[in-house]
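For reference, the structure is listed below as structure tokens.
Numbering (the working numbering), first residue to last: 647 to 762.
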């Protein structure tokens, strides 16, 4: 899927992969986030490699706007609700400022805890 925007100077096309990459890097920059994982990891949690980070983020268009789902792994000992809320807030802010697109929701799924 590609998002098309019209400007006075021409057209801009933004791919979902570009949005997913920015969202992944932003989430990883948050304190307590140690990695991203696939949506359906099963019982064993696999951290994604750097080149695959975008596979831990899913972007879809709804009638209300774009929705981002992020699947993260947190460090042991952090306050899960506070870290997840910070990831939500920061990812939404960075995406809206970077792409000038309204994001209706940022859903954060904590798929595991990693001992450091």
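For every residue, glycine included, the Cβ atom is placed at its ideal position computed from N, Cα and C.
Cβ neighbour criterion (16 or more within 10 Å) applied to residue i
i           : result
residue 751 : exposed
residue 731 : exposed
residue 648 : exposed
residue 718 : buried
residue 658 : exposed
Under 7 Å between C-beta atoms of residue i and residue j
i           : j           : result
residue 675 : residue 720 : no
residue 672 : residue 737 : yes
residue 722 : residue 759 : yes
residue 745 : residue 712 : no
residue 756 : residue 726 : yes
residue 669 : residue 724 : no
Residue i CB to nearest heavy atom of the ligand MN below 6 Å
i           : result
residue 648 : Because no ligand of any kind appears in the structure shown, any question about the ligand MN cannot be addressed here.
Spatial distance of residue i from residue j (CA atoms)
i           : j           : result
residue 704 : residue 698 : 13 Å
residue 667 : residue 742 : 14 Å
residue 781 : residue 716 : Summary: the structure shown does not reach residue 781, with the chain confined to residues 647 through 762, and so no result is reported for it.
residue 655 : residue 708 : 28 Å
residue 661 : residue 650 : 9 Å
residue 762 : residue 695 : 17 Å
residue 710 : residue 701 : 24 Å
Which residues DSSP lists as bridging residue i, in chain order
i           : result
residue 715 : 704, 753
residue 652 : 657
residue 760 : 721
residue 682 : 718
Cβ-Cβ separation, residue j to residue i (assumed contact under 8 Å), whole Å
i           : j           : result
residue 740 : residue 754 : Contact doesn't hold; Cβ gap of about 14 Å is too wide.
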